[in-house]
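The numbering used here puts the first residue of the sequence shown at 95, with every later residue one more than the last. Each remark here refers to the structure printed beneath this line.
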Amino acid sequence: MPYEETIITEVALWKKQMLKRPSLLNRLSSATQKKINSYIPEKVHTTLTAAIKQMIRAVLFGARKLTRSSRQAIGLKEMEDKIRQTITRYRRTAAAEGGITGAGGFLTGLADFPLLLGIKLKMLFDIASLYGFDVKDYKERIYILHIMQLTFSSQNHRRQVFQQMDNWEIQKQTLPEDIHQFDWRNFQQEYRDYIDLAKMAQMLPVIGAAVGVIVNYRLIEKLGATAMNAYRMRLLQRVD
């Protein structure tokens with residue numbers, strides 16, 4: 095069918111983009127960020143890792159409880175129309191949240207981090223459910239964390255994550271049974287390095303609100319597109 099053929103083409107192009115080698119600019123940017131991170135005391139890294147780990151685990155548990163299972167038999171196009179509506183709703187929510195926290199300057203800007211993280215994860219739970227995946231399954235929640243990494247990481251790390259996600263039905267058999275064994279250090283560092291650059295201007299007075307609206311809107315838009323292709327890839331692999 096024409097729609098399915100379009101999906102196959104889009105996923106093939108997306109895969110090439112995910113596996114693209116880092117550009118010179120990307121490598122220089124990553125090297126600079128690593129150098130900056132090396133100056134940060136280990137105690138700070140440990141504290142940040144623990145904080146983000148607890149924050150995400152709390153959201154993962156809460157979102158799992160709040161997300162309804164969606165297994166009705168509908169066509170792919172109808173399913174993805176619903177998913178696009180869901181992404182639009184979360185984009186608006188994130189944009190409004192960014193505008194409010196950005197308007198208050200530095201202190202309220204700090205509150206944006208956990209709030210936006212919660213919005214992102216809840217959206218991913220809803221998308222997974224609409225595609226028919228059971229978010230109560232621990233391994234599906236790990237896949238959600240992989241989607242987060244795939245969206246908000248350096249190109250080099252993105253390639254590594256994508257290779258872990260490809261053929262997920264096989265890959266997930268090798269996962270540890272305890273979420274504590276997930277690589278939280280790499281997750282928080284890549285995520286923070288990516289987000290910090292985009293969110294820095296949100297801390298500034300006057301322009302902070304406008305920046306918060308635009309940046310949050312685009313971050314959710316990018317995450318939604320990545321999630322759709324990540325789940326499409328799994329659906330196509332099931333057919334194969």
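Backbone N, C-alpha and C fix where the C-beta goes; we use that ideal spot for every residue, glycine too.
query: Quick check: V255 and Q243, are their CB atoms within less than 7 Å of each other?; result: yes
query: When the Cα atoms are used, what is the spatial distance from V108 to R185?; result: One point to set straight first is that residue 108 is Trp, not Val, in the sequence displayed. Straight-line Cα distance between these residues: approximately 21 Å.
query: Of the residues D220, L269 and I213, which one's Cα is nearest the Cα of G232?; result: One point to set straight first is that residue 232 is Tyr, not Gly, in the sequence displayed. Of D220, L269 and I213, the residue nearest in Cα terms is L269.
query: Start and end of the alpha helix (DSSP H) containing I168?; result: Careful: I168 lies outside any alpha helix (DSSP H) and carries neither H nor E.
query: Rounding to the nearest angstrom, what Cα-Cα distance links I150 and Y97 in this structure?; result: 35 Å
query: Is the separation between the beta-carbon of T320 and that of I241 shorter than 7 Å?; result: yes
query: Alpha carbon to alpha carbon, how far is Q283 from D277?; result: 10 Å
query: Let me confirm a value: G169 is counted as buried when at least 16 other C-beta atoms fall within 10 Å, else exposed. Which label applies?; result: exposed
query: Can you grab the Cα-Cα spacing for the pair E191 / L210, in whole Å?; result: 8 Å
query: Tell me the rounded alpha-carbon separation between K114 and R178.; result: 26 Å
query: Determine the contact status of T195 and I213, defining contact as a CB-CB distance below 7 Å.; result: no
query: So for V229, helix, strand or coil by DSSP?; result: coil
query: Is it buried or exposed, M95, if we count other Cβ atoms within 10 angstroms and call 16 or more buried?; result: exposed
query: Nearest-angstrom Cα distance between E104 and E234?; result: 23 Å
query: Using a threshold of 7 Å, state whether the C-beta atoms of G193 and V305 are closer than that.; result: no
query: Quick one: is N250 buried, meaning 16 or more other Cβ sit within 10 Å of its Cβ, or exposed?; result: exposed
query: Going by CA-CA distance only, name the one from I102, F207 and M327 that's closest to Q258.; result: M327
query: Report yes if the C-beta distance between A144 and N310 is below 7 Å; otherwise report no.; result: no
query: Among E99, A106, F219 and S247, which residue has its Cα nearest to the Cα of Y285?; result: S247
query: Could you check the C-alpha separation between E263 and N323 for me, to the nearest Å?; result: 16 Å
query: Does the separation of the CB atoms of L329 and T245 fall below 7 Å?; result: no
query: Per DSSP, what kind of secondary structure is R252 in: helix, strand or coil?; result: helix
query: Considering just the uninterrupted stretch of the alpha helix (DSSP H) at K266, what are its terminal residues?; result: Run containing K266: none; DSSP gives neither H nor E here.
query: Is E271 buried or exposed, if buried means 16 or more other CB atoms sit within 10 Å of its CB?; result: exposed
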